[in-house]
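Residue numbers (this note's numbering): 210 to 397.
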């Protein structure tokens, strides 16, 4: 099975790391559950977009603050034994190298050529897509797993919705055994 997985807020805790730095830098007390908009700038009306985005230029953000979601690394490593895993991320071009380096640090078992940068994830052919962005989850050519986050939890956007990587693993195991996903490839 070909499994495409979003990087930010799905494999890693991108928004949590970003929020922690913004709260500290600007003396704010915004809680993670208060992030109700996928576009981070809209969650901070008192800050300018430049202030919000300035975090992304910090090496500390990429290499010290941002960690993997609980169990994401272990489960992706286990899934990679029997499936093709691709990281599919929508990044500005100047963030590509940082994303690759983060993936190499935490996911060394995923080859670099399995890291795809795509703003339009509909272009990616896969059997399963795991993502937190509602716009990416509305597809009929593959099973989609909505990784629940505060900005997407009021509506089920994907074929399935999961809150943890353990739930994702159980779901994929069931899909794989039963051949229950759209667009199934003829791979063994």
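Just so you know, even glycine gets a beta-carbon here, dropped at the ideal spot from N, CA and C. The structure presented is a predicted model; accordingly, all values stated were derived computationally and were not measured.
Give me the residue from the options with the minimum Cα distance to residue i.
| i | options | result |
| --- | --- | --- |
| residue 232 | 322, 249, 307 | 249 |
| residue 316 | 305, 333, 286, 299 | 286 |
| residue 377 | 271, 245, 282 | 282 |
| residue 212 | 259, 352, 368 | 352 |
| residue 272 | 333, 304, 381 | 304 |
| residue 275 | 222, 265, 229, 253 | 222 |
| residue 265 | 372, 237, 302, 296 | 302 |
| residue 216 | 375, 334, 380, 297 | 297 |
| residue 244 | 258, 370, 225 | 225 |
I need the straight-line Cα distance from residue i to residue j, nearest angstrom please.
| i | j | result |
| --- | --- | --- |
| residue 214 | residue 320 | 14 Å |
| residue 219 | residue 340 | 6 Å |
| residue 268 | residue 311 | 11 Å |
| residue 337 | residue 356 | 13 Å |
| residue 307 | residue 384 | 33 Å |
| residue 363 | residue 261 | 25 Å |
| residue 318 | residue 324 | 12 Å |
| residue 348 | residue 331 | 7 Å |
| residue 242 | residue 256 | 18 Å |
| residue 373 | residue 235 | 30 Å |
| residue 309 | residue 326 | 10 Å |
| residue 380 | residue 367 | 13 Å |
| residue 210 | residue 254 | 42 Å |
| residue 359 | residue 290 | 31 Å |
| residue 284 | residue 375 | 8 Å |
Residue i lies in the alpha helix (DSSP H); which residues open and close that run?
| i | result |
| --- | --- |
| residue 326 | Per DSSP, residue 326 belongs to no alpha helix (DSSP H); it is in the beta strand (DSSP E), 324–326. |
| residue 340 | Per DSSP, residue 340 belongs to no alpha helix (DSSP H); it is in the beta strand (DSSP E), 337–340. |
| residue 344 | 343–346 |
Give the secondary structure of residue i by DSSP, where H, G and I count as helix, E and B as strand, and everything else as coil.
| i | result |
| --- | --- |
| residue 381 | helix |
| residue 333 | coil |
| residue 261 | helix |
| residue 243 | helix |
| residue 277 | strand |
| residue 267 | coil |
| residue 231 | helix |
| residue 316 | coil |
| residue 236 | coil |
| residue 248 | coil |
| residue 283 | helix |
Which residues bound the beta strand (DSSP E) around residue i?
| i | result |
| --- | --- |
| residue 354 | 352–356 |
| residue 212 | 211–214 |
| residue 220 | Run containing residue 220: none; DSSP gives neither H nor E here. |
| residue 290 | Premise fails: residue 290 is in no beta strand (DSSP E) and is neither H nor E. |
What residues are listed by DSSP as bridge partners for residue i?
| i | result |
| --- | --- |
| residue 370 | 355 |
| residue 296 | 214, 324 |
Determine whether the Cβ of residue i lies closer than 7 Å to any Cβ atom of chain D.
| i | result |
| --- | --- |
| residue 358 | You won't find chain D in this structure, because it holds only one protein chain. |
With a threshold of 6 Å (Cβ to nearest heavy atom), would residue i be considered close to the ligand ATP?
| i | result |
| --- | --- |
| residue 361 | Only the bare structure without any ligand can be found here, which leaves the ligand ATP out of the picture. |
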